[in-house]
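These notes are about the structure you will find just below.
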Amino acid sequence: MRLCKALLQSSANFGHYGTIAPCFSRRYFADDRAQYDNTNQIPFEANSSSRQLASDRDDAFKVDPQKKTVETAVGDLPLSPVMDPTFWEARTRHQTPKVKPGKPQNSVERQLRANPFAKALATPVRMCTMTRIRLPSFFLQDFNVVSHPETGKPWLIPHSLIPDEHPVDEEPDAKGIAEAMSEASSQETGDSIGDIESKLHSPQEQKSAAAASATDGRPNGPAAYVLARRDLLSSFTVKRSGFDHGPKRLTGISPRYRHLARTVVWRQDMDTYILSLMRQDIINDLIYLSRLCTENGRYYIVKCWGWNDVQYKHKGAVLWFGEPDEDANSSQAHNQPGPFATFEFQKTDIQGQPLTETVVVHNIPMLLGVEQAKHVKDEAAALRDGSIFMLAGRRTTNLQLKLWKLQGYLADYRDVP
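The structure is reproduced here in structure tokens:
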């Protein structure tokens with residue numbers, strides 16, 4: 402006997418009341434159109450797509466976010482979270498990218514963007530992992546866990562200071578951090594390999610750990626912050642200093658990478674490495690601004706003919722390169738500007754009242770080193786002639802921020818009351 406297979410909507414399907422009878426689907430309409438069994442008796446036009454449905458009108462539903470109700474034809478109904486605009490706004494608030502700041506709209510915004518101190522204080526507040534002090538992120542140094550491109554081991558690096566360079570020949574080992582996590586957890590718990598893989602290494606955790614260093618060079622893990630001070634970072638490698646466990650605390654801020662605390666690599670010369678990155682970034686900016694001044698006729702770096710000439714220049718930051726004929730061992734060395742030095746001069750405002758102006762003075766040989774300062778004067782044509790220069794213009798604001806941060810990084814706070 403030939404097997405008969407039941408098809409959808411066939412006569413073999415069970416109909417109503419459990420009887421074998423033809424069962425056809427019935428179409429229901431959400432508008433005022435009539436339902437006819439005979440398609441030849443449909444009174445409206447054949448092209449039904451041009452007819453507007455009741456639910457397509459703009460005034461079909463009126464949502465009241467304050468009362469959490471929806472006004473319909475049958476009355477007010479409770480508002481569902483799916484239709485609540487405030488619900489979706491709160492849910493997607495941290496997912497949508499922030500709008501980039503446009504041009505300043507008034508003089509107050511222009512003054513704020515040209516003021517490096519206001520921009521430093523306006524940075525997001527973060528907490529130092531070692532001292533638990535909350536400060537604007539300008540006064541802190543961030544660290545991220547990334548995978549070494551050759552060995553695959555987790556390293557702590559100051560990611561904000563690393564130049565944006567993408568190696569072409571070398572590819573990072575994405576499995577390095579996952580393997581380090583497995584090794585660290587096995588040493589810590591002493592469990593078998595099967596227990597470790599079942600407890601600590603779920604597919605989602607392996608994927609998140611292997612993605613600590615993204616393909617575009619940006620780490621996916623959260624950043625840890627430490628006070629941007631050289632003496633604090635140098636104490637990480639000194640035993641019994643109270644901060645020798647610093648790399649472990651920096652890695653353990655996130656539960657996802659807490660198992661890497663035992664195997665994370667910390668450079669022994671991290672304080673010197675960060676100092677070299679800061680200095681090189683400032684040198685590049687000085688050479689770039691000097692090129693704009695000489696080739697494009699800009700006035701970002703202006704020569705001052707002595708300290709009395711500073712008051713007649715555009716207010717910015719003073720760069721002091723030392724006297725041309727001054728020896729480092731001479732008796733005049735004590736007259737050079739110290740850390741956080743300022744220069745004050747008297748001016749008159751529009752109404753003729755006396756006004757005291759203050760500008761920051763950066764001792765470039767002290768910040769960059771004598772050799773690097775000499776290299777800058779040789780490479781930058783705008784800095785070759787003279788010893789006192791003024792940084793002016795909004796384009797130099799970021800350079801003034803970097804110089805001020807380098808001042809705080811190298812400063813000795815032991816004598817500060």
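Each residue of the sequence shown is one higher than the one before, starting from 402 at the first, in the numbering used here. Using N, Cα and C, we set each Cβ at its ideal position, and we do this for glycine too. Source: prediction; values computed, not measured.
Taking Cβ to Cβ, would you say residue i is nearer than 7 Å to residue j?
i      : j      : result
Arg659 : Tyr810 : no
Ile702 : Phe644 : no
Ser691 : Ala781 : yes
Ser788 : Glu745 : no
Val760 : Leu687 : no
Asp672 : Leu634 : yes
Cys529 : Tyr674 : no
Cys694 : Ala783 : yes
Pro738 : Trp721 : yes
Thr524 : Phe544 : no
Gly466 : Pro486 : It is Pro, not Gly, that sits at residue 466 in the sequence shown. In this structure, Pro486 lies closer than 7 Å to Pro466 by Cβ.
Leu557 : Pro648 : yes
Val471 : Phe462 : yes
Pro537 : Val526 : yes
Pro505 : Arg514 : yes
What span of residues does the beta strand (DSSP E) with residue i cover, start to end?
i      : result
Thr548 : According to the sequence provided, residue 548 is Ser. The question's Thr does not apply to it. 541-548 is the extent of the beta strand (DSSP E) around Ser548.
Glu472 : 470-473
Arg535 : 535-537
Trp556 : 555-558
Measuring straight from C-alpha to C-alpha, what distance separates residue i and residue j?
i      : j      : result
Leu522 : Gly753 : 32 Å
Ala629 : Leu661 : 24 Å
Leu768 : Leu802 : 13 Å
Thr771 : Arg815 : It should be pointed out that residue 771 corresponds to Val in this sequence rather than to Thr. Going from the Cα of Val771 to the Cα of Arg815 covers about 25 Å.
Pro766 : Pro555 : 36 Å
Asp477 : Val464 : 10 Å
Gly707 : Gln512 : 27 Å
Arg641 : His495 : 42 Å
Thr664 : Gly553 : 11 Å
Pro550 : His715 : 47 Å
Asp779 : Asp786 : 10 Å
Arg699 : Glu510 : 23 Å
Asp813 : Tyr689 : 30 Å
Trp489 : Pro482 : 8 Å
Glu696 : Val546 : 41 Å
Arg650 : Ile563 : 22 Å
Lys499 : Thr749 : 42 Å
Met484 : Arg535 : 39 Å
Note the first and the last residue of the continuous alpha helix (DSSP H) segment covering residue i.
i      : result
Lys748 : First-last for Lys748: 742-749, but that is the beta strand (DSSP E), not the alpha helix (DSSP H).
Val665 : That residue, Val665, is in no alpha helix (DSSP H); it is neither H nor E in DSSP.
Asp779 : 771-780
Asp632 : 631-635
Val509 : 508-515
Lys649 : 647-652
Arg492 : 486-492
Going by beta carbon distance, what residues of the same chain come within less than 8 Å of residue i, once the five residues before and after it are set aside?
i      : result
Gln747 : Gln712, Pro755, Leu756, Thr757, Glu758
Gln808 : Pro740, Phe741, His763, Leu768
Gly717 : Val760, Met791, Leu792, Ala793, Gly794, Thr797, Gln801
Cys705 : Val711, Lys714, Val719, Gly787, Ile789, Phe790, Met791
According to DSSP, which residues form a beta bridge with residue i?
i      : result
Ala625 : Phe544
Ala718 : Val761, Leu792
Asp477 : Glu472
Leu693 : DSSP, once it has assigned bridges, lists no residue as partnering Leu693.
Pro755 : Thr749
Please go through the same chain and pick out, in chain order, the residues whose beta-carbon is closer than 7 Å to the beta-carbon of residue i, but skip the five residues on each side of it.
i      : result
Gln773 : Arg680, Ile684
Ser636 : Ser642, Phe644
Arg668 : Tyr674
Thr532 : Leu628
Thr743 : Thr759, Val760, Val761, Val762
Could you pull out every residue in the same chain whose Cβ sits closer than 6 Å to the Cβ of residue i, ignoring the five residues on either side in sequence?
i      : result
Leu804 : His763
Gly653 : Arg659, Ala662
Lys469 : Leu480
Lys520 : none
Val666 : Lys554, Trp556
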